[in-house]
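Novice: In full-length UniProt numbering, the protein residues as written are 1 to 128.
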Amino acid sequence: MRPGRLVAALTALAAARAAPLEKRGEPCVMYEVRPGDYCYAIATANGVGYGEFLQQNPGLDCNNLHVGDSVCLHRVYGCRAYWVRAGDLCSGIAQRFGISVRELISRNRGSPEWMGCMHLYDGQRLCV
1 MRPGRLVAAL TALAAARAAP LEKRGEPCVM YEVRPGDYCY AIATANGVGY GEFLQQNPGL
61 DCNNLHVGDS VCLHRVYGCR AYWVRAGDLC SGIAQRFGIS VRELISRNRG SPEWMGCMHL
121 YDGQRLCV
């Protein structure tokens with residue numbers, strides 16, 4: 001394949017992979033795979049849950065990553081991680097971080113760990 005066609009094919013592939021994220025209005029930051037990288041490490045080092053990382057990169061074969069590959073990292077701008085403690089309620093967490101309960105729910109709705117305010121559990125990672 002000629003270099004120009006290869007670039008066009010890769011651009012089309014990247015656009016196709018990013019399309020579902022754009023439809024949801026979520027920003028996608030492209031990350032270039034470096035030597036020694038693997039999916040779980042990329043996700044956790046960038047504040048993204050592993051399950052969420054896999055959802056953001058449908059069709060990605062984590063057993064076949066190559067240096068120079070690009071993966072999508074969706075990060076909520078201004079998001080900090082908070083680990084739920086036994087007895088925590090959404091209202092208390094939201095108040096602690098100066099956001100509304102509605103905002104807390106919105107920031108976590110896309111996470112595979114999120115099951116709603118009535119189902120918080122000790123050790124659960126939330127975006128605050």
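We treat Cβ as the ideally placed atom computed from N, Cα and C, and that holds for glycine.
Between VAL33 and the rest of its own chain, which residues show a CB-CB distance below 6 Å, the 5 nearest in sequence each way excluded?
Specialist: Along the sequence shown, read from residue 1 onward, the residue named residue 33 stands at position 33. So the qualifying residues of the chain are LEU65, VAL67 and ASP69.
Novice: Quick check on this structure: which residue in CYS39, GLY49, PHE97 and THR44 has the alpha carbon closest to the alpha carbon of GLY59?
Specialist: To locate residue 59, count along the sequence shown from 1; it is residue 59. Of CYS39, GLY49, PHE97 and THR44, the residue nearest in Cα terms is CYS39.
Novice: My assumption, with CB atoms under 8 Å, is that SER111 sits in contact with VAL101. Please give the rounded CB distance.
Specialist: Position 111 of the sequence shown holds residue 111. Position 101 of the sequence shown holds residue 101. Not a contact, Cβ separation roughly 16 Å.
Novice: Can you tell me which of TYR121, ASP61, ASN57 and ASN108 puts its alpha carbon nearest to the alpha carbon of CYS127?
Specialist: Taking the sequence shown and counting its residues from 1, one reaches residue 127 at position 127. For the residues TYR121, ASP61, ASN57 and ASN108, the minimum Cα distance to CYS127 belongs to ASN108.
Novice: In its own chain, which residues sit with a C-beta less than 7 Å from the C-beta of MET118, not counting the 5 before and 5 after it?
Specialist: As a working mapping, residue 118 is identified with position 118 in the sequence shown. So no residue of the chain qualifies.
Novice: Just checking my contact of ILE42 with VAL71 at CB under 8 Å: how many whole Å lie between their CB atoms?
Specialist: Counting from 1 along the sequence shown, the entry for residue 42 is found at position 42. Counting from 1 along the sequence shown, the entry for residue 71 is found at position 71. Indeed they touch by this definition, with Cβ atoms about 6 Å apart.
Novice: By alpha-carbon positions, which one of CYS62, GLU103 and VAL48 ends up nearest to GLY36?
Specialist: If you number the sequence shown from 1, residue 36 lands on position 36. Nearest of CYS62, GLU103 and VAL48 to GLY36, Cα basis: CYS62.
Novice: Kindly indicate which three-state DSSP category GLU103 falls into: helix, strand or coil?
Specialist: Residue mapping note: residue 103 aligns to position 103 of the sequence shown, counting from 1. In the structure shown, GLU103 sits in a helix (DSSP, three-state: H, G or I).
Novice: Look at the alpha carbon of LEU73 and the alpha carbon of LEU54, and state the distance between them as a whole number of angstroms.
Specialist: Translated into positions along the sequence shown, residue 73 becomes position 73. Translated into positions along the sequence shown, residue 54 becomes position 54. Distance between the alpha carbons of LEU73 and LEU54: 10 Å.
Novice: Grab the span of the beta strand (DSSP E) containing CYS90 for me, first residue to last.
Specialist: Counted from its first residue, the sequence shown places residue 90 at position 90. Careful: CYS90 lies outside any beta strand (DSSP E), inside the alpha helix (DSSP H) at 90 to 96.
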